[in-house]
Each structure stands twice: as structure tokens, then as C-alpha cells.
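First up is the structure itself, then whatever we jot down about it.
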Amino acid sequence: MGLDVGKKRIGVAGCDGTGLIATELITIHRQSFTSDIEKLKKLIETREATKLVVGLPILMDGSLGSQAKQIQKFGNRISTILNLPIEYIDERFTSLEAVSELKAQRKYSSYEKGLVDCYAAKIILQRWLDQRHIAS
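Just remember that my numbering sits 1 ahead of the position in the sequence shown, which is counted from 1.
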């Protein structure tokens, strides 16, 4: 399962059974850590997810800023609680790509930021799937 973790929302994506195609699922509007975990847990169980792929906002110089470190802290915490392995992937420009994709599909609205997060999660997961496929 792919995650685009933000302070207000978590975009969530999943993939098909073959592990080739990522699709956007939902956006979790964050309320509390416990609530976020419960929502993720239900999705993981329903989709039988075996791994979390989390987008990491790496700075343009390739270093990890404070936001990336916060996401790693959150990711490591949920990985332990949900008992799932986690991998991080560079998420630079995924939100821009998501907006572009939504505009091309005529689905973009500046009022629906959650949809951008969900599509960004799909892009994050698709990048990871593609890299895994190329490596094998």
C-alpha cells in the first residue's frame, strides 16, 4: 500500500494482485494518531497489504529535511504497530504530477486537496512498483 503522508491528510493507494498497477484508494483526513491507525488497519486487512510504501519529501539537494524526518518517525511507528515492513521512496514532484494528471482528466478542483493526496499516493506506489519490476 502506498502512502502520501501529510499533516492534514494521508493519501492511500493500492495495487492490483500482480503488483504492476497502482490505483488511488482514499484520503484519510487526519484526526488523531489512533484514528489514523485504525483506518489504515482496516484498509490493510481488507486489501491484504503486505508492505507500506511511504513517500519521503527529500530536499532538492538530496538531503532529508525536518518534514522527511517527521514522516520517517511516523512511518517507522506505524510499521511497528501494524506489523508491516516499510519502504520509503522519493516523492519529489508527486503532488505536481497528481495535479497535472487530474487536470488532464478534468477532475481537478483547488477545493478538493484530498484527491491530489490520493493521486500522489498512487504515483508514489507506481514508482516503487516500476523500480521493483525493472530490478527483477
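Yeah, the Cβ is synthetic: ideal placement off N, Cα and C, and Gly gets one too.
Proximity below 8 angstroms, CB of residue i to CB of residue j
{"i": "ALA50", "j": "LEU4", "result": "no"}
{"i": "ILE125", "j": "VAL54", "result": "yes"}
{"i": "ARG48", "j": "ASP118", "result": "no"}
{"i": "LEU60", "j": "GLN73", "result": "no"}
{"i": "LEU26", "j": "GLY18", "result": "no"}
{"i": "LEU21", "j": "LEU97", "result": "no"}
{"i": "LEU65", "j": "MET2", "result": "no"}
Selected residue, minimal CA-CA separation from residue i, among the options
{"i": "THR24", "options": "LYS70, GLY12, LYS42 and SER33", "result": "GLY12"}
{"i": "GLU39", "options": "ILE82, ALA99 and LEU97", "result": "ILE82"}
{"i": "LYS42", "options": "ILE87, ILE79 and GLY115", "result": "ILE79"}
{"i": "ILE29", "options": "ARG93, LYS114, ASP131 and ARG133", "result": "LYS114"}
{"i": "VAL1", "options": "ARG107, ALA105, ASN77 and LYS104", "result": "The structure shown does not extend to residue 1, since the chain spans only 2 to 137, so no value can be given for it."}
Rounded distance between the beta-carbons of residue j and residue i, thought under 8 angstroms
{"i": "TYR120", "j": "GLU102", "result": "6 angstroms"}
Beta-carbon contacts of residue i that lie in its chain and below 7 angstroms, excluding the five residues immediately before and after
{"i": "SER33", "result": "none"}
Same chain, Cβ closer than 8 angstroms to residue i, neighbours up to 5 away in sequence not counted
{"i": "GLY63", "result": "none"}
{"i": "LYS8", "result": "ARG31"}
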